[in-house]
Amino acid sequence: MDVDMMLNEKLKMIDDAITKKKTIMDCHPEVPLTPTAKMNAYDSVYTLCNQKSRDYSNLLYEKYTNCLTEIIQERALPVLMDKHGTELLTEVMRLWSEYKEFASFLSKIFAYLDRYYIHRKGLLSLADSMRYYFCNLVCDKLFSKLQEAMMRLIIQEREGGQIDRNLLKNVSYLLFEVGGIGTINCYEKIEQIMLAEVAAHYSQLSLEWWFWGDSFSNYLRKVDWCLNQEEARAEVYPSQTTKTKILDVMKYVLLERNAKKWAQKQNAEGMAAEDQELLSKYASLKLE
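Going by our numbering, the final residue of the sequence shown carries number 1437, and the count climbs one at a time with no gaps.
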């Protein structure tokens, strides 16, 4: 068979399988994607990667990444661009799920690239490419709106409101998963915004408690309650270090930063016996 004819034939088998998958994603199950069609697509990739006359691996790798960017640009971004708040977060999670399903299908067809070509060329693996393009084209592009929506939920819950904690958790895990694969580390960036907001909020709260002349015992009970509340809320985050950082910021802002002032207040007022245990809980912060 002529080389060009063979190439076109194999590429058509790959394209046919991908087109059928997209059609099924559009809720048209009457267009079957048979195991034979998927196997033919995989065999086409294998054959093109093992041609003596020419290695088409580069062409196929570009085809794989182009499929990822196209599905995002065609199906995800147009839906997300006018969304805000919880509606945006909900749609991001829905589209991320669809995108992962499509990428998983592609990775089975192009799996042979991961065996030799990608490793030899030092390219992103198929799985990393999947995360990379979603991070760059969705999370990076919409980061401002994503963080705004997430922070609104976090603040709303802290103020006693009811929120969809599963939604916040899922979006946090998404950002953690795509993480540093993109041009920025989405999760680290949202974490820094969260920590800055925590510091600002509890700095203001500390000033208010001082202004109203709280006793040291009463102040410490309030701090302990806030720390317990934030620790419970931080369970939605995928990284244990996030919770640790939040609590450390709170302890610094509420206790350590003004340790000398509170120590003077404690010495002047004394401390009830029932509060001694609470004081010992924070002894490592050197409040005495």
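Yeah, the Cβ is synthetic: ideal placement off N, Cα and C, and Gly gets one too. Owing to the predicted nature of the structure, the values given are computational and were not obtained by experimental measurement.
For residue 1244, the enclosing alpha helix (DSSP H) stretches over residues 1234-1258.
DSSP, reduced to helix, strand and coil, places residue 1231 outside both helices and strands of the structure shown, so it counts as coil. Excluding residues up to 5 positions away in sequence, 1202 lie with their Cβ nearer than 7 Å to the Cβ of residue 1152 in the same chain. Apart from sequence neighbours up to five positions away, the residues of its chain that approach residue 1234 with a beta-carbon distance below 6 Å are 1298, ordered along the chain. By the criterion of at least three beta-carbon pairs nearer than 8 Å, the stretch 1243-1252 is in contact with the stretch 1214-1225. Taking the CA atoms as reference points, residue 1186 sits about 8 Å from residue 1165. Boundaries of the alpha helix (DSSP H) around residue 1293: 1292-1307. The C-beta of residue 1303 has 16 or more other C-beta atoms within 10 Å across all chains shown, which makes the residue buried. Counting the other CB atoms within 10 Å of its CB gives residue 1246 a total below 16, which places it among the exposed residues. Segment contact: the stretch 1359-1378 against the stretch 1309-1328, fewer than three CB-CB distances shorter than 8 Å; contact not assigned. Here DSSP, grouped into helix, strand and coil, assigns residue 1151 to coil. At a Cβ-Cβ threshold of 8 Å, residue 1182 and residue 1161 do not count as neighbours. CA-CA distance, residue 1340 to residue 1176, rounds to 37 Å. Beyond the five residues adjoining it in sequence on each side, residue 1324 comes within less than 7 Å, by CB distance, of 1288, 1335, 1336 and 1339 in the same chain, given in chain order. Pairing residue 1316 with residue 1351 gives a Cβ-Cβ distance that is not under 8 Å. Under the criterion of beta carbons closer than 8 Å, residue 1261 and residue 1194 qualify as touching, at roughly 5 Å.
The closest CA to that of residue 1291, considering only 1384, 1229, 1173 and 1236, is found on 1229. Residue 1392: member of the alpha helix (DSSP H) spanning 1389-1400, first to last residue.
The straight-line gap separating the alpha-carbon atoms of residue 1184 and residue 1204 is approximately 26 Å.
By the criterion of a C-beta distance shorter than 8 Å, residue 1394 is surrounded in its chain by 1340 and 1344, once the five residues flanking it on both sides are discounted. Nearest to residue 1192 by C-alpha distance, out of 1259, 1280, 1227 and 1294, is 1259.
Taking a 10 Å sphere around the C-beta of residue 1264, we find fewer than 16 other C-beta atoms and assign the residue as exposed. DSSP places residue 1208 inside the alpha helix (DSSP H), whose first and last residues are 1206-1220.
The DSSP-derived three-state label of residue 1201 is coil. Per DSSP, reduced to three states, the secondary structure at residue 1272 is coil, with no helix or strand assignment. A straight-line Cα-Cα distance of about 11 Å links residue 1381 and residue 1374.
The beta carbon of residue 1355 sits closer than 8 Å to the beta carbons of 1402, 1403 and 1407 from its chain, once the five residues preceding and following it are set aside; these are given in chain order. In chain order, 1198, 1262 and 1266 place their CB closer than 7 Å to the CB of residue 1206, counting only its own chain and leaving out the 5 sequence neighbours on each side. C-alpha of residue 1389 to C-alpha of residue 1200: approximately 49 Å in a straight line.
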